[in-house]
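Residue numbers (my numbering), protein chains in the order written: chain X, 638 to 1119; chain R, 399 to 850.
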Amino acid sequence: MADNAYDVIIIGSGPGGYVTAIRAAQLGLKTAIVEREHLGGICLNWGCIPTKALLRSAEIMDHANHAKSFGLTLDGTMKADVKDVVARSRGVSARLNGGVGFLMKKNKIDVIWGEAKLTKPGEIVVGKPSKPAVEPQHPAPKGTKGEGIYTAKHIIVATGARPRALPGIEPDGKLIWTYFEAMKPEKMPKSLVVMGSGAIGIEFASFYRSMGVDVTVVELMKNVMPVEDEEISKFARKALEKRGLNILTEAKVTKVDKAANAITAHIEDKSGKVTQITADHLISAVGVQGNIENLGLETLGVKTDRGCIVIDGYGKTNVPGIYAIGDVAGPPMLAHKAEHEGVICIEKIAGVPGVHPMDHRKIPGCTYCNPQVASVGLTEAKAKEQGHDIRVGRYQFNANGKAIALGEDNGMIKVIFDKKTGELLGAHMVGAEVTELIQGFVVAMNLETTEEDLMHTIFPHPTLSEMMKESVLDAYGRVLNA
Amino acid sequence: MPINITMPALSPTMEEGNLAKWMVKEGDTVSAGDVIAEIETDKATMEVEAVDEGTVGKIVVPEGTANVKVNALIAILLEDGEDAGAMDSTAGSGTGAGPAPAADAVPAAPANNTVIEVGAKAATDPMPAPKTADGGRVFSSPLARRLAKLNGLDLAQLSGSGPHGRIVKKDIEAALEKGIGKAAPAAAAAAPAAAAPAPAAAAPAGPSKDQVLKLFEEGSYELEPHDGMRKTIAKRLTESKQTIPHFYVTVDCELDALMALRAQLNGSASKDKDGKPAFKLSVNDMIIKAVALALRDVPDANVSWTDEAMVKHKHADVGVAVSIPGGLITPIIRQAEMKPLSVISNEMKDMGARAKSKKLLPHEYQGGTTAVSNMGMMGVKNFSAVVNPPHATILAIGAGEKRPIVKDDALAIATMMSVTLSTDHRCVDGALGAELLAAFKGYIENPMSMLV
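Structure below.
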């Protein structure tokens, strides 16, 4: 095989792309991955990971502020040093970025540095990036291949997504931020308006609120985190408001006036009344859109729909030999969905037996605000809408020993079963550490357990996880500690 | 899907109670809210209401029975359009029939004191893992088991698409869509080695073990416990002989033309590069084809009996009894009337080998519309076989042997084979059986007609 010829080339080294590359290498395929900017993509450079580092600082801040209630006295004042908080976050990213480079090397995957363009079936041309890299940029790993023509039997597009911009409120990187700027403030703002209350918006709102910033969240829909179960959303909203967040729902930012060092957001409520809020910055967090441009998709006739590449359950596009996975292949735009989609795609390509198409109903979602929110499966409303006769179980953190001991007694777990079959249709959580708990229900759902198996499962005491079992018991009128 | 009505717990501590009185009788139609029975505990008498509408299919525990355990099956409710036959699949499923304590029953405590919550009952009912024919475990998700039970499917008949062949929800949905895997009585009684829940033996039993052993000197024998296959054979064939009115028709067939044709066909088989012929027909392969074609020609004999209707099959699926260590199994050549002899022969070789190593899949030995049992190779002249429901016929094949016969009023020698057809007289009458056998004899004696 010629030097520049591969079995598989993956465009984009985000969590979807690099995991797919590793799986491809494991399956014995000669694999290359193209990256134009940051190994590891948005997730570990500008998304999931660095924000978790920031939120950890926020969490420690929150705990410290409540030290007294644990019998602890902090001498002096607790204050955030923005530079160090950001530096820690960048350090975490740098470490993982280097880790991806190591993984590529270990699995003998060629890294091609530059921007890829599909020129004809089975061929890409790698050239200079069409956009400047977001700074700070980690250096490219050693031994990468450069610009040139490369061929592969299978080309997987995993170019991810970028912040969506609303017309008239386009981010400028100075007063109007996206997550890129919100993640590396040079100084702590005094006030912020966050537009959008999805996972990204609400996490930044939560972080900055913990840092003592006045934050107003503006959400178009009726509830914050609108994809979540309504009951959980409302619960979370109450908890967030208690922490001092100003939340406006069924409201939209219609206009932003910029001054030298401040913005004024014009916010229209559902009755059409407009109020103005002035703040240091506005964070635009109105979702993300697929990176489908400059890829040569049009030349090859790859079908797209609403900004995403159209694929079947195995990542195949309408053009033979071209595949897409992850954010660029459509929602939900989550790292773990991209990884799984990538593995399905490459295993299908390699002819691994027993590969099943993606089951979108079993993709969990986590939001790391305080309190955390996590869910999998159908919301109560969706379950009813799909015609299920349901049983709902709930359990509150304030009745769980471990939660009380942790001083984290505000939260709830809600489960939804199909009444007839006992199928676990959905699980929804709000409260401390629920992002770590949800996986128990994801496994249960994936193995198709019914309420019976969950009731027969022993949960360790004392843990927060006991609430999961209690919520199941509650759905069947058998709750013990409530 | 019949609904099990079980002994309700009238209070959280109640473990058993007396079934004081039935307010309904078998065949009665009830609607939700109707009082169907009175239950007594040491504390009180309470009325039990139906929560579903339907027809009372069977009262399992008669009134006046004392000490009925909570959750024991007390009656079966049939839903609209169901017949009593549907109860079989329910009655044997876990809770056990009659007032006997249900070993695995969960002490459920329905919140409502007077209503049996059948829904909640079904939900807490332990779901025993299904077994394959040889007692192996059928891997399936809990949800798949629940769905199979709710829809009356037999998991042993399905194949799974999950990891390592695990049956998952998707497979159940596919089965329901295709209408396969029904654990209806007919299908459940498919082949001797098929898995079937063992309902409480209602039939008169033979002498007990103790009665038998008493007749022999201790130490003069060894006891070998029955395996699943032996139990199934015993149960199935006992049922067959007790419920199916058998009758038998015997004919002699001249085999010489068939033997000649067989030699000619085998000689003409193309060979692969190792010199292996593409097929090697046995006499039995040709018998399978002849039976299939005879059933095609006499379609009234290609049937299965049910109490309501005659099941008239569109294809001849011929089961072939294969003796295996510890019992027998009948792999099925499906649509044998459509298949060339070479295909039948190769399928039979493959399934015969896999039968001996117990590697047959349930769908390969369950069902069928008739069967062939051949003991010719063991020198048996003639015998009669037991019909294996849902078949209505079975053909017992004796040895081919040279016999003196009368041909054109003169004594001659010919290779002859005696065959005996056993039929289920409920659906295949005497003349019909004779007609089928005549058609069979026609193909055997004029074997060229099998090739066109």
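We put the beta carbon where it would ideally sit given N, CA and C, even for glycine. Note that the structure is a prediction, hence the values are computed from the model and not measured.
Where residue i falls: helix, strand or coil (DSSP)
i       : result
X/E752  : strand
X/R727  : helix
X/L676  : coil
X/A902  : strand
R/I642  : coil
R/S491  : With a pLDDT of 40 at R/S491, under the threshold of 50, the predicted position of this residue should be treated as unreliable, though the coordinate-derived value follows. R/S491: coil per DSSP, three-state reduction.
R/N465  : strand
R/A601  : Unreliable placement is indicated for R/A601, whose pLDDT of 44 sits below 50; the coordinate value is still reported in the next sentence. R/A601: coil per DSSP, three-state reduction.
X/C685  : helix
R/V513  : For R/V513, the predicted model reports a pLDDT of 37, less than 50, meaning its position is unreliable and no value from the coordinates is stated.
R/D502  : Interpretation of R/D502 is limited by its pLDDT of 39, a score under 50 that renders its predicted location unreliable; no figure is taken from the coordinates.
R/M708  : strand
X/H700  : helix
X/K716  : coil
X/P800  : strand
X/T1100 : coil
R/P802  : strand
R/Y619  : coil
R/Y841  : helix
R/L830  : helix
Beta bridge counterpart(s) of residue i as assigned by DSSP
i       : result
X/G785  : X/V763
X/V830  : X/T853, X/L919
R/S740  : Partner(s): none; R/S740 has no beta bridge.
X/H997  : X/H997 is not bridged to any residue.
R/P675  : R/K669
R/C651  : R/M815
X/F1054 : X/R1028, X/L1061
X/M862  : In DSSP, X/M862 forms no bridge with anything.
R/K456  : R/I474
X/M1049 : X/Q1033, X/V1067
X/L691  : Beta-bridge pairing links X/L691 to no other residue.
R/N772  : R/I795
Contact check, residue i vs residue j, beta carbons under 8 Å
i       : j       : result
R/L759  : R/S539  : no
X/F1078 : X/L1061 : yes
X/V965  : X/C945  : yes
X/L676  : X/N744  : no
X/V762  : X/I648  : no
R/A797  : R/V778  : yes
X/R828  : X/V861  : Looking at the sequence shown, residue 828 of chain X is not Arg but Ser. No. Outside cutoff.
R/E461  : R/K419  : yes
R/H713  : R/S820  : no
X/V854  : X/F817  : no
R/V454  : R/D426  : yes
R/D867  : R/I401  : Residue 867 of chain R is absent from the model: chain R starts at 399 and stops at 850.
R/L656  : R/I842  : yes
X/V1010 : X/T1004 : yes
X/K1106 : X/E868  : no
X/A899  : X/A916  : yes
X/V723  : X/P822  : yes
7 Å Cβ cut-off: residues of chain X touching residue i
i      : result
R/R544 : T1058, G1059, T1087
Residues that residue i contacts on chain R, provided the C-beta gap is smaller than 7 Å
i       : result
X/D1090 : P540
X/G979  : Here the premise fails: no neighbours, minimum Cβ distance about 19 Å.
X/L1084 : S539
Beta-carbon neighbours of residue i, restricted to chain R and to distances below 9 Å
i       : result
X/L1030 : Leu is not the amino acid found at residue 1030 of chain X; the sequence shown has Gly there. Those do not exist, as X/G1030 stays about 13 Å from chain R at its closest Cβ, beyond 9 Å.
Chain-ordered neighbours of residue i on chain X, where CB pairs are closer than 9 Å
i      : result
R/L548 : K1057, T1058
R/P561 : G991
Per-residue contacts from residue i into chain R (C-beta, under 8 Å)
i       : result
X/G1063 : None at all; the shortest Cβ gap to chain R is about 14 Å.
Partner residues on chain X for residue i, Cβ-Cβ distance less than 8 Å
i      : result
R/V566 : E1085
| said: What ranges does the beta strand (DSSP E) occupy inside the region 952-990 of chain X, keeping only unbroken runs of at least 3 residues that lie completely in it? | reply: 959-961
| message | If we require 4 or more residues per run, which alpha helix (DSSP H) segments fall completely within the region 536-570 of chain R? | response | 540-549
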